[in-house]
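**Student:** Protein chains in written order, with the working numbering: chain A, 1 to 807; chain B, 1001 to 1420. Heads up, the beta-carbon is just placed ideally off N, CA and C, and yes, glycines get one too. Given the structure is predicted, the values throughout are model-derived calculations rather than measurements.
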Amino acid sequence: MIAEKIYINLFLQYAFIATFVLCVTTFAAYAQQPVVHLRGVVTNDDGEPLQQATVYIAGSSFSATTDANGAFQLRISTGRHRVLCALVGYQSQEANLVVHDDRDYRLDFQLVRGDNYHLQEVEVVGKSAITEVRESPFNVVALDAKSLYNSTLDLGHMLDRASGVKIRETGGMGSNMSISLNGFTGRHIKLFMDGVPMEGFGSAFQLNNIPVNIADRIEVYKGVVPIEFGADAMGGVINIVTNQSANSYLDVSYSYGSFNTHKTNISVGHTTKAGFTFQLNAFQNYSDNDYNVRTNVLDVQTGNFSWEEYWVRRFNDAYHNETIMAKVGVVNKPWADRLLLGITLGQEKAEIQHANLMKIVFGMRERSGTTVLPSLSYEKKNLFVDNLHVRLTANYNRNYNHNIDTAARQYNWFGEYRPTRYLGESSYTLGKFYNDNASATANVNYRFNEKHSLAFNDVITGYERKNADRVAVTDVYSAIDTMRRANLKNVLGASYRYQHNKNWNTNLFGKYYYQRVIGPVDTSNVAGSTAYTERTESFSTTGYGVASTYFFHDFQFKASIEKAFRLPADNELFGDEVLETGNTSLRAENSLNYNVGVTLNSTIQDDHTLYADVNGYYRDINDYIQRLVEQRYGTAGYSNHGKVRNIGVDAELRYYYKNRLMVGGNVTYQDMRNKERYASSTGDRLSVTYNNRMRNVPYFFGNADAAYYVHDLWGMGNVLSLGYTFNFVGEFFLDWESLGNQNTKATLPQQLYHDFNMSYMMGNGRYNVAFEARNFTNSMLYDNFSLQKPGRSFSLKLRYFLIKRNG
Amino acid sequence: MKHLKTMNGSAWAMGLALLAVVGCSKNDGPGPDDGNGGSGEKYFIAATAGSSTYLLTADDLESGTATIVGQGVEIPRSYTMWVNNGTKASVGLIYAQGDPGIGISYGLDASGNLAPVGNEFQITSRFTTYGAFDKYVITSVSGQTLTDGKTGSIFNFIDLENHNTMTQKDIVTENFTGNGQLATFSGIVDLGNGEFLTGLVVSEPKDPSQGGGGSTGPVTHPDSVWVAALDANLNVKRIYRDDRISYASGRFRSQYYSQIDSDDQGNVYVFSGAFESSTTKPAGALRINKGATDFDQGYYFNIQEKSGGYRFRKVWHITEDYFLLEVYNDLEYGSQTPATQYAVVKMEDKTFNWVTSGFPGKDEITATGLPFADNGKIYFPVTTASAQPTVYVIDPKTATAKAGLVVEAEGVAALSRFEY
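#1: Given that valine 297(A) touches chain B, what residues does it touch there, using C-beta distances under 7 Å?
#2: Measure from the C-beta of glutamine 788(A) to each C-beta in chain B and report whether the shortest distance is under 8 Å.
#3: Are valine 1355(B) and phenylalanine 1323(B) close, meaning C-beta to C-beta below 8 Å?
#4: With a threshold of 16 other CB atoms inside 10 Å of the CB of phenylalanine 1044(B), please say whether the residue is buried or exposed.
#5: Taking a contact to mean a Cβ-Cβ separation below 8 Å, would you say glycine 269(A) touches serine 245(A) in this structure?
#6: According to DSSP, alanine 564(A) sits in a beta bridge with which residue or residues?
#7: Measure from the C-beta of tyrosine 1054(B) to each C-beta in chain A and report whether the shortest distance is under 8 Å.
#8: Taking the alpha-carbon positions, what's the phenylalanine 551(A) to tryptophan 504(A) distance?
#9: How about the stretch 417-430 of chain A and the stretch 377-390 of chain A: do they share at least three Cβ pairs that are nearer than 8 Å?
#10: With respect to the alpha helix (DSSP H) encompassing glycine 156(A), which residues constitute its N-terminal and C-terminal limits?
#11: Assign lysine 1150(B) to buried or exposed, taking buried as 16 or more other Cβ atoms, counted over all protein chains shown, within 10 Å of its Cβ.
#12: For alanine 1403(B) and serine 203(A), I'd like the C-alpha separation in whole angstroms.
#13: Once the 5 residues before and after valine 471(A) are set aside, which same chain residues still bring their CB inside 6 Å of it?
#14: In chain A, what lies closer than 7 Å to serine 1125(B) by C-beta?
#15: Going by C-alpha to C-alpha distance, which of Ser175(A), Lys222(A), Phe72(A) sits closest to asparagine 209(A)?
#16: Do glycine 730(A) and phenylalanine 701(A) count as a contact pair if the criterion is CB distance below 8 Å?
#17: Jot down the residue ranges of each uninterrupted beta strand (DSSP E) in the stretch 1158-1209 of chain B, minimum 3 residues, whole runs only, in chain order.
#18: Do lysine 789(A) and leucine 781(A) have their C-beta atoms closer together than 8 Å?
#19: Taking Cβ positions, are arginine 645(A) and arginine 685(A) nearer each other than 8 Å?
#20: Taking 8 Å as the limit between beta carbons, can you name the residues of its chain near threonine 542(A), skipping five residues before and five after?
#21: Would you say serine 1051(B) faces chain A, with C-beta separation under 8 Å as the test?
#22: With 8 Å set as the bound, which would you pick, yes or no: does the beta-carbon of asparagine 1036(B) sit closer than that to a beta-carbon of chain A?
#23: Of all the options Phe1121(B), Leu1056(B), Glu1074(B), Ala1089(B), which has the alpha carbon lying nearest to the alpha carbon of threonine 302(A)?
#24: At the level of alpha carbons, what is the spacing between asparagine 445(A) and threonine 277(A)?
#25: Going by beta carbon distance, what residues of the same chain come within less than 6 Å of isoleucine 76(A), once the five residues before and after it are set aside?
#26: Is DSSP giving isoleucine 227(A) helix, strand or coil here?
#27: Among residues of its own chain, excluding the 5 on either side of threonine 1398(B), which ones have a beta-carbon nearer than 7 Å to its beta-carbon?
#28: Between the C-alpha atoms of asparagine 139(A) and asparagine 382(A), what's the straight-line distance to the nearest angstrom?
#29: Out of Thr777(A), Asn768(A), Phe785(A), Asn775(A), state which residue places its alpha-carbon closest to the alpha-carbon of tyrosine 800(A).
#30: Quick one: list the residues of chain B neighbouring isoleucine 360(A), beta-carbon separation under 9 Å, in chain order.
#31: Note down the Cα distance separating serine 1125(B) from asparagine 401(A), rounded to an integer number of angstroms.
#32: For glutamine 1168(B), would you say it is in contact with chain A, using Cβ-to-Cβ distances shorter than 8 Å as the test?
#33: Leaving out five residues before and five after arginine 819(A) in sequence, what residues of the same chain have Cβ atoms less than 8 Å from its Cβ?
#34: In chain A, which residues lie less than 8 Å from serine 1386(B) when you measure between Cβ atoms?
#35: Please list, in chain order, the residues of the stretch 1062-1087 of chain B that have any C-beta partner in chain A closer than 7 Å.
#36: In chain order, what residues of the same chain have a beta carbon less than 7 Å from the beta carbon of glutamate 1195(B), not counting five sequence neighbours either side?
Have a look at this one:
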C-alpha cells in the first residue's frame, strides 16, 4: 500500500500540472462549429439587458449564460423543446419551441423580479425540467452555490446556512464535522453527491474539505425523502449537485487567510461540437490551524491540570488536502444524453492536537488518508419510447487511513513534554486500514400522460473494511478489526406521481430495504479466550410515504408523510465483540415523519420582492437502537429501546429590492424530547430523563444575512458587493437538562458571531477580488463541548473566471 | 412560536424576538441541596445518568431517598472507578480505552459541601487494576511495550497528600517469576509497611494479533498462584507461590479484578476464582499471615465446594474476616457469562452463605456499583429493571440484606463516607 500511496501522491502532483496545461490547450483548441442555433436576449421588465441569466433546454445538458448585453446563443437539436430561462433574483420563465433543420432561431425572455434562492427556481442544467422540481411536494430547501463562488467557504459551511441544518465542528480546517438536520445526526442523515452516497468517500473527500466552487447547489430534503435517494435515511438527505455545465469554462482561484491558510481551486470544462465533454476540478487546502484557545494546562511534571485557564496557541493541528476530480464522456448522442466516466483522487494529512476534551493535548499524533473514487454515469431520456427516462450510476471507492501515534512523550498546551517509558501519547498505533465501498443506482421513470407517471429506483451499496497491516496493530482492543466487516444494502423504491392539474400534484411512494452484513462473532465458550468466526445476517423492511403540493396564487402549500427507517449497522447486530455483544434480533429504527409547509413568493411592487417560507414538522421516532449495559446479561449490547418525539419549525424570510439589496434570515426551533418512559427495556423502572429535551442537540439557531450591491462602480458592469452574516445558536446542555444542580451543568454556551464579506467583480465577472472577515468580534465559539473553534480570521481571495457558451 | 406567523419586519427583529424567548424559557431547576449538615461526616454517592456523573451527599445510606433530578454536582464524564483511600476524598478514574482520561477527586469542604480535593489529573495510560496504597491511589496496566522494547507494566501513583501529583513508574514484567513467562498484575493490597501485594497472572507473552483484550497469553501453569510484594519504587521485595489454587484474578475482557484483600487483623487472603478453564484447582482461597513471607500452609478454603460448584469473579472485604464474593450465575461459564449473585464467606470458619434474603434475584439485576464497607456492613448499590437504584445493606453475620437509600438516577457507581 505504500506503493499505492506514492502512486497517488505522484498522480496528484502531475495532475495539478496537467490541469494548467489543459487550461491552456482547451481554449486554444476551442473551435466553433455551429449546427442549429438558438439566439436571443434576456431583459428585465424595464427592457434592460440582464447578465448571467441561464438559458437552457429542459431535459438536455445544454445551457448558456447571457453576456453583458443580455445576449445568449445555444446549440439546439431538432424537435420539440421546452426552453427555460433563470436568474438569481428573478422568476424563471419557459417557452415551447419546435425546431426544424437548417435555420437559426430567435427567442427573447423578459424576466420579472422574484426569488430565486430556492430549489424551485435554481434547478439549472439537464437533470430534470425546472417545472418538475418547482412542483416538488417534498420539504426541501436548496442553496445556490454559484453566488458563493467568490467566498472561501467549504460545502459544510455553506450547508450551515440552510434552515433546519446545523454544522458542528471540532476545530479548524479539516476537523471533524457533523451535521444536525431537524435534530437528526450521524447515521440518520445521508449525504449524497449527484445522487451517489458519500458515506464511503473517505475523510479525504468530505464536506469539510471540498470548496463550494465544485457545487452547483445543495439540496436538503427534510424527513421525507424521494426514492431517487435509495437510503435508509430516517432524518433526511443532503444532496450536493456538482457543476455539470456543458459550457466551456475556466475558473481559477486562490485565497490566503489567517492561520496561514491557503486554498486553491481550479475548474475547467469543455464540450466539443461532436459531443465530447470533459470537466476537471482540482483543489487544495492548507492551514496551520494555529489559532488561540483558552484552556486548563497540564503540568507535565505532576500530571495535574491548572485550575486557571490560559490562552495558548495550537501547535499540532496543521491540515492539508489535495483533490482532483475528472470526468470525461459524451453528451447528446442518440443513445445517451450523457455518458460520463469519472475519477476522483484525494489525499489528506492532519495533525491531531487534542482528544475529545481540549485540555488533553497531543504533540505528535497525526493521521493521513487517501481516496480513489472511479465513477460511471449514464443518462438517457426517451429511451426506446417517448417519456421513458433512464439514469444509471456506478461508483467504487477505496480509501486508506493511517493513524500514527508512536511518541514516548506527554505534552501540554505550552508545548512542553515529559518523556514517558511507553510508546504512544494515547495508545501506540501505526494502524492502517482500508475501506472498500461500492454503490450502483438505477433510476427508471415513465410518464404515461400529463397526469400519471411512475418511477422505479434501486440503489445497491456495499462496503468492506479490514486492516491493511495486522502487525502494526498493537493495541489489543483493535485486534478484532483484523477481521473483515462487510455490508451490502439494497434499497428498491417505487413512486407514482399524480398531477391532478397545474396546481395540484401528489407523489405516492414505497421503499423496500434489504441488508446483509458480515462480521466477526465470538464463539468461544472458554473463559478468558476468544475465538472469532465470521457470521452473516440479513435484514429487510418496507417503508412508504406520500407527499402533495398545491399552488394558490403566490402561495405554495406542501404536506408530506413518510414511514422512514434506519437499518441496524453491523456493530449493532454483531457488537464490537470486545466490550459489546451483538443482537441479531434488532429491528430497524423507524420514524413517522410529518411535514407541512407554506411558501409565499410575492412581488409586492415592481421593485420589492418578498419570500417567506414556514415549515412545521413532527417526528415520532421508535425503536431507537441504544447501547445498553445489563450486568445480568454479562456485557453490553444493543437494544431497540427508546422513543423520541420532535416538533419543530423552520422559517425563512427574505426581501429583495431591485438588484441592489437583499436581506434575509432563517430560524429553527425544535422541541425534541425523550419519550421513553422506562429506563429498562424489560422492566417498569421509570426513566429519570423522560420528557427531557434530547441532550447535546442544538435546538434553537438561525442566521440572518444582508447583501448590498453597487453596480457599475469604477466601470460599466463592475459590481461591488458588501455582505454581512449574523449567526446564532442558543445555549444547550451537554447532558440531560433536568439532572444535577443547574449551577453545575455542562453547557454549550450561546454563540453569536458575525461575518463580513466584500467582493469586487470586474470584466463581466472575469476578475474577482474578495475579502472576508469571519467571526470579526472574535467570539469564543464551541459546537462541541470544550472544543473551541477559531476566533477572528481574515482572508483574501483572487478569482479568474472565463466562460464560453456552447452554441 | 406564534410570533413567527406575525413576522413582518426584517430577520433581525425576528432573531431578537426569538432570543428573548429563549432567555425567558430557560429551565431553572431547584437550587443546590448540598451543605448545611455540619455533623462532621456525610455519605458520598456517585450516581450516573447519560454520559455524566452526579455527585450527591446523604446522611444515611440505610433509608430514605435521593435524586439527581435538579440535584447533585454534574461532572460531564462517566468514571469507571471510584477509589477510596481514607475519609477525605474519593478518586474518580476513567478507564481510558482510546484517549487519555481526566481523573478527579472529590471530598467535602469545611462546611460540608462537595468540593474538589486536589487537582484534576490526566490518566494517560489506561489501567486494568487499581487500589489504595499508603497516601496514593495506584493504577496499573500490564503488557505495555516500554521504550526499551521490553514488555512491562505502567503504574500511576496519584499522591492524595500532594494535590494529586501523579508519578508514573514502570516495571519490566518479562521473566518475572523466573520461569521465562510474563506477569500481569491484579489487585493492590497495602501491607502498611511501605509495601503492597499484588496478584500475578503468569502466562506466555500475548500474541498481539489475538484480540479479546487483556495482556495475558496462554497460561501454561494454570494450577499455580503467585503474589508479589512491591514497594513504592516498584522494587520486588518477595514473590509468594503456591500450587493449591490457580491464579488470583477475576478476569473480564481486558480487566483483572482483584481477588486479594486483607482482613481486620492484617492477614491477607488470596482468592482464586479459578477463571482459567484449564485449571484443575477449584475456586478457593489461601492465606498470608500478617508479616509472613510465605503462604500459610495450614490454611486452605475450598470455596467452590461450598458454593455448589459456582466460581466467583470479584472479592471485597466487609469486616473482620468476612468477605463478599461476586459469583458467576452459571456453573459452566464462558467469556460473557454474567455474575450477579453474591455470597458472604467467613474465612477463618470457612463458611459460605448466599445473600438471598432481602436481595434482588440474580436475573433481576441490571447493574451494580462498587460496594462500600462501613460500620461492619457492606453497602451495595444495585439496579434492577423494575426499581430505581437502591443501596442494599448486607449484614455479613446473617448474610441478609435490606433495601436502604433509593437514588433516583440511572445508576449508582460508588459510595463513600467523608469526614470534614
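**Tutor:** Put simply:
#1: Those within 7 Å of valine 297(A) in chain B number zero; the least Cβ separation is about 11 Å.
#2: no
#3: no
#4: buried
#5: yes
#6: Ser591(A)
#7: yes
#8: 6 Å
#9: no
#10: 155-159
#11: exposed
#12: 52 Å
#13: Low confidence applies here, because valine 471(A) scores a pLDDT of 35, under 50, leaving its location unreliable; read the following figure in that light. Correct list: empty, nothing qualifies.
#14: Tyr422
#15: Ser175(A)
#16: yes
#17: 1165-1172, 1182-1190, 1195-1203
#18: yes
#19: no
#20: Gly510, Lys511, Tyr512, Tyr513
#21: yes
#22: In this prediction, asparagine 1036(B) has a pLDDT of 45, which is less than 50 and means its spatial position is unreliable; what the coordinates show is noted afterwards. No, no contact with chain A.
#23: Phe1121(B)
#24: 25 Å
#25: Val36, Leu38, Val99
#26: coil
#27: none
#28: 29 Å
#29: Asn768(A)
#30: Asp1099, Pro1100, Gly1101, Ile1102, Gln1122, Thr1124
#31: 24 Å
#32: yes
#33: There is simply no residue 819(A) to check, as chain A begins at 1 and stops at 807 in what is shown.
#34: Ser680, Gly683, Asp684, Arg685
#35: Ile1068, Val1069, Gly1070, Gln1071, Gly1072, Val1073, Glu1074, Pro1076
#36: Ala1229, Leu1230, Asp1231, Lys1237
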